[in-house]
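> Those sequence lines, one after another, are chains W and E.
Per my numbering, residue 187 is the first one in the first sequence, and the count goes up by one each step.
Per my numbering, residue 187 is the first one in the second sequence, and the count goes up by one each step.
All residues carry an ideal CB built from backbone N, CA and C; glycine is no exception.
Here it is, the structure in full.
There are 2 protein chains.
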Amino acid sequence: MPGPKNPNSEDSTPESEHQELSGDRKIPAAVIKRLSLYTRALQNLERNKVEKVSSTELAKELGLNSAQVRKDLAYFGQFGVPGFGYPVGELRKKLKHILGTDRKINVALIGVGHLGKALLSYGGFNRQGFRMRWAFDIEVRDKTIGAEKVPVYNISELEQVVRRENIELVILTVPAEAAQGIADRVVGAGVSAILNFVPKRIQTPPHVKVHYVDLAIEMESLSFYLR
Amino acid sequence: MPGPKNPNSEDSTPESEHQELSGDRKIPAAVIKRLSLYTRALQNLERNKVEKVSSTELAKELGLNSAQVRKDLAYFGQFGVPGFGYPVGELRKKLKHILGTDRKINVALIGVGHLGKALLSYGGFNRQGFRMRWAFDIEVRDKTIGAEKVPVYNISELEQVVRRENIELVILTVPAEAAQGIADRVVGAGVSAILNFVPKRIQTPPHVKVHYVDLAIEMESLSFYLR
DNA sequence: GTGACATTGTGAAAACGTTCACAAGGTCCC
DNA sequence: GGGACCTTGTGAACGTTTTCACAATGTCAC
């Protein structure tokens, strides 16, 4: 905790987190991200009919240290078998359960500009356990977007639709000036997870989790390494 | 260039970096990302005709600790004035120079699928000091993409165009199976910075910097916090 | 069954990043 | 021009994350 600072549960590039779990230990945010990485690697292995994997193999595939893999997994239980490794299918199932991606999560996107449209058309999300079927904008130019025909609602209907459709996660791709206002509204409507593509930090109550994806920052910081 | 089996200079979500600078100290990757954040905040201040800013104000705006702001900046020199703060315009210029975004960097995007198309149409990059005017795919469906009419080349022309146009940074949005092969080719053609949207770790020689943007991971890890 | 082998889970150490706290030094009002 | 006031730059303390290293434990071939 940043001492006597304002409340705020964000995290993005910076690390630092908290979160109760079944047990009672705090799980670092970085561990959660790696869990997701492990899940994906396990899915690939499963597709190739591999039935066991060691922490060393997993670590190599993902560019990590094997002790880190074991420690990450140990946060959540004992999944491995000494002298054998981890059973691929079983571990994958357990991790998906821990991540909560073994069910469908309803996702809405707000701000149908170029980037928003792109993400809607992309469709990659719908595979992974997400149902991204709602879009909002202040001006509805097209009634649906993308091959999946995601309907676009007027932003005035935001709270109503979020509540009715039980939307749990929101992707923000609005102009910077609008970000805080929209964030306040979705939080008010009960959303507690936001993926923010807007290059602007937003303030939220502590129970709301915000992840930032900042494309400009990624590009600029790469620029630095061009010597 | 199929298999340089080198270590690896990537970093993405995980922290850990190094990089020589004018002086001789290693600059953590997280510091570089925050530098980019500072630059943006300074640009906003400048737009509002603010002429000075203290580390405390900057920290508050970005949700950081003021000592961290000072320390980050101190990696690169003494920009502040005790009892006064930092001169906005001057600091912004210096940071842009440090980041190397005070010149135009040529950027190509490889893989014109949904996401690739979206990023091309988005156009947000071209503002910040990047010139994203080349796209590649194995199959050229449209000759140009987006309002900016970015020409799409056949992937067979990759090396030739990269060299001719002096492309320094590449955005990868190809299918996972193709990622490593394409990465090898662009590196072979002289590119040393890659922004990889493909959910697959790629191996590169140490001088090549890879940043990962993994949308699925962001979504999944948010899912965890939905309890 | 037994024994050589492989691999886990985890304390302890090391590395790294953040925050504290304060001396040094510039500002700016009177 | 003087002095109260700010704010920087930074060593040291602190906290977190990663890595090491190894005892414990299960595997598997014979």
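Do LEU285 of chain E and PHE265 of chain W have their C-beta atoms closer together than 7 Å?
Looking up residue 285 of chain E in the second sequence gives position 99. Looking up residue 265 of chain W in the first sequence gives position 79. Not closer than 7 Å, so no.
> Looking at the secondary structure, which residues open and close the alpha helix (DSSP H) in which ASN352 of chain E lies?
Counting from one through the second sequence, the residue named residue 352 of chain E turns up at place 166. First-last for ASN352 of chain E: undefined, no H or E at that position.
> Does chain W have any CB closer than 7 Å to the CB of PHE383 of chain E?
Within the second sequence, numbered from 1, the residue matching residue 383 of chain E stands at position 197. So no, PHE383 of chain E is outside the interface.
> Nearest to ILE353 of chain E by CA position, among E:GLU363, E:ALA362, E:GLY367 and E:GLY374, is which residue?
If you number the second sequence from 1, residue 353 of chain E lands on position 167. For the residues E:GLU363, E:ALA362, E:GLY367 and E:GLY374, the minimum Cα distance to ILE353 of chain E belongs to E:GLY374.
> Look up ASP400 of chain W in the DSSP assignment and say whether it is helix, strand or coil.
The residue given as residue 400 of chain W occupies position 214 in the first sequence. Correct three-state label for ASP400 of chain W: coil.
> Which one of E:ALA365, E:VAL399, E:ASN292 and E:VAL326 has the shortest CA to CA distance from ARG349 of chain E?
Translated into positions along the second sequence, residue 349 of chain E becomes position 163. That would be E:ASN292, whose Cα lies nearest to the Cα of ARG349 of chain E.
> Would ALA260 of chain W be called buried (16 or more neighbouring beta carbons within 10 Å of its own) or exposed?
Start at 1 with the first residue of the first sequence, and residue 260 of chain W comes out as number 74. The residue is exposed, with fewer than 16 neighbouring Cβ atoms inside 10 Å.
> GLY209 of chain E by DSSP, collapsed to three states: which one?
In the second sequence, the residue the question calls residue 209 of chain E occupies position 23. Because the pLDDT of GLY209 of chain E is 42, which lies under 50, any placement of that residue in the model is unreliable, and the number read from its coordinates should be weighed accordingly. Coil.
> As a quick exercise: from E:ARG371, E:MET318 and E:ASP323, pick the residue whose alpha carbon is nearest that of LYS335 of chain E.
In the second sequence, counting from the first residue as 1, residue 335 of chain E sits at position 149. That would be E:MET318, whose Cα lies nearest to the Cα of LYS335 of chain E.
> Within 7 Å of any Cβ in chain W, is that where the Cβ of ILE368 of chain E sits?
Here residue 368 of chain E corresponds to residue number 182 of the second sequence, with the count starting at 1. False, the Cβ-Cβ gap to chain W never drops below 7 Å.
> Cβ of ALA333 of chain W within 7 Å of Cβ of LEU355 of chain W?
Taking the first sequence and counting its residues from 1, one reaches residue 333 of chain W at position 147. Taking the first sequence and counting its residues from 1, one reaches residue 355 of chain W at position 169. No, they are not a contact pair.
> Just the chain E side, please: which residues come within less than 7 Å of LEU259 of chain W by C-beta, in chain order?
Sequence index remark: in the first sequence, residue 259 of chain W carries index 73 (1-based). None at all; the shortest Cβ gap to chain E is about 15 Å.
> Just how far apart, CA to CA, sit GLU247 of chain W and VAL298 of chain E?
Taking the first residue of the first sequence as position 1, residue 247 of chain W is located at position 61. Taking the first residue of the second sequence as position 1, residue 298 of chain E is located at position 112. Straight-line Cα distance between these residues: approximately 27 Å.
> Please look up how many angstroms separate the CB atoms of ARG296 of chain W and LEU358 of chain W, rounded, as I've assumed it's under 8 Å.
Within the first sequence, the letter at position 110 stands for residue 296 of chain W. Within the first sequence, the letter at position 172 stands for residue 358 of chain W. Arg is not the amino acid found at residue 296 of chain W; the sequence shown has Ile there. Rounded, the Cβ-Cβ distance is 6 Å, consistent with contact.
> Just to make sure I have the definition right: I need the residues of chain W whose C-beta is within less than 7 Å of the C-beta of THR287 of chain E. Which are they?
As a working note, residue 287 of chain E is residue 101 in the second sequence. Those within 7 Å of THR287 of chain E in chain W are GLU406 and SER409.
> Can you pull the chain E neighbours of GLU343 of chain W, defined as C-beta to C-beta under 7 Å?
Start at 1 with the first residue of the first sequence, and residue 343 of chain W comes out as number 157. What GLU343 of chain W touches in chain E: nothing, since even the nearest Cβ is about 23 Å away.
> What do you reckon, are the CB atoms on LEU306 of chain W and LEU228 of chain W nearer than 7 Å?
Sequence index remark: in the first sequence, residue 306 of chain W carries index 120 (1-based). Sequence index remark: in the first sequence, residue 228 of chain W carries index 42 (1-based). LEU228 of chain W sits away from LEU306 of chain W, with the two beta carbons spaced by 7 Å or more.
> Using 7 Å as the threshold, is the C-beta distance between LEU408 of chain W and HIS397 of chain E below it?
Taking the first residue of the first sequence as position 1, residue 408 of chain W is located at position 222. Taking the first residue of the second sequence as position 1, residue 397 of chain E is located at position 211. Result yes, Cβ atoms of LEU408 of chain W and HIS397 of chain E sit closer than 7 Å.
> Whole-angstrom Cβ separation of GLY269 of chain W and ARG387 of chain E, contact assumed at under 8 Å?
Mapped onto the first sequence, residue 269 of chain W falls at position 83. Mapped onto the second sequence, residue 387 of chain E falls at position 201. Rounded, the Cβ-Cβ distance is 28 Å, inconsistent with contact.
> If you follow the beta strand (DSSP E) that LEU414 of chain W is part of, which residue opens it and which one closes it?
As shown, chain W starts at 187 and ends at 413. That puts residue 414 of chain W outside it, with no answer to give.
> Would DSSP call ASP328 of chain W helix, strand or coil?
Taking the first sequence and counting its residues from 1, one reaches residue 328 of chain W at position 142. ASP328 of chain W: coil per DSSP, three-state reduction.
> PHE262 of chain E versus chain W: which residues are under 8 Å apart at the beta carbon?
Sequence index remark: in the second sequence, residue 262 of chain E carries index 76 (1-based). In chain order: nothing, as chain W lies at least about 11 Å away.
> Among the residues of its own chain, which have a CB less than 6 Å from the CB of SER241 of chain E, if the five just before and after it don't count?
Residue mapping note: residue 241 of chain E aligns to position 55 of the second sequence, counting from 1. Correct list, in chain order: SER252, VAL255 and ARG256.
> Taking its Cβ as the centre, do 16 or more other Cβ atoms sit within 10 Å of GLY376 of chain E, making it buried, or is it exposed?
As a working note, residue 376 of chain E is residue 190 in the second sequence. With fewer than 16 other Cβ atoms inside 10 Å of its own Cβ, GLY376 of chain E counts as exposed.
> Could you pull the DSSP bridge partners for ARG317 of chain W from this structure?
One-based indexing of the first sequence puts residue 317 of chain W at position 131. DSSP output for ARG317 of chain W lists W:ASN292 as bridge partner(s).
> Can you have a look at SER222 of chain E and say buried or exposed, based on whether 16 or more other CB atoms are within 10 angstroms of its CB?
Locating residue 222 of chain E in the second sequence gives position 36, where the first residue counts as 1. When all chains shown are included, SER222 of chain E counts as buried.
> On the CB-based measure, 16 or more other CB atoms within 10 Å of its CB, does GLU237 of chain W come out buried or exposed?
In the first sequence, residue 237 of chain W corresponds to position 51, counting from 1. Exposed is the call here.
> Can you have a look at THR330 of chain E and say buried or exposed, based on whether 16 or more other CB atoms are within 10 angstroms of its CB?
What you label residue 330 of chain E is simply residue 144 of the second sequence in a count that begins at 1. Its Cβ having fewer than 16 others within 10 Å, THR330 of chain E is exposed.
> Whose C-alpha, out of E:LEU412, E:ARG413 and E:GLU404, is nearest the C-alpha of ALA216 of chain W?
To locate residue 216 of chain W, count along the first sequence from 1; it is residue 30. Nearest in C-alpha terms to ALA216 of chain W, of all of E:LEU412, E:ARG413 and E:GLU404, is E:GLU404.
> I want to see whether chain W comes within less than 7 Å of ARG387 of chain E, judged by CB atoms only; does it?
Locating residue 387 of chain E in the second sequence gives position 201, where the first residue counts as 1. So, interface residue.
> Buried or exposed for ILE321 of chain E, going by 16 or more other Cβ atoms inside 10 Å?
Walking along the second sequence from the start, residue 321 of chain E turns up at place 135. The sequence given here has Ala at residue 321 of chain E, not Ile. Buried, because 16 or more other Cβ atoms sit within 10 Å of the Cβ of ALA321 of chain E.
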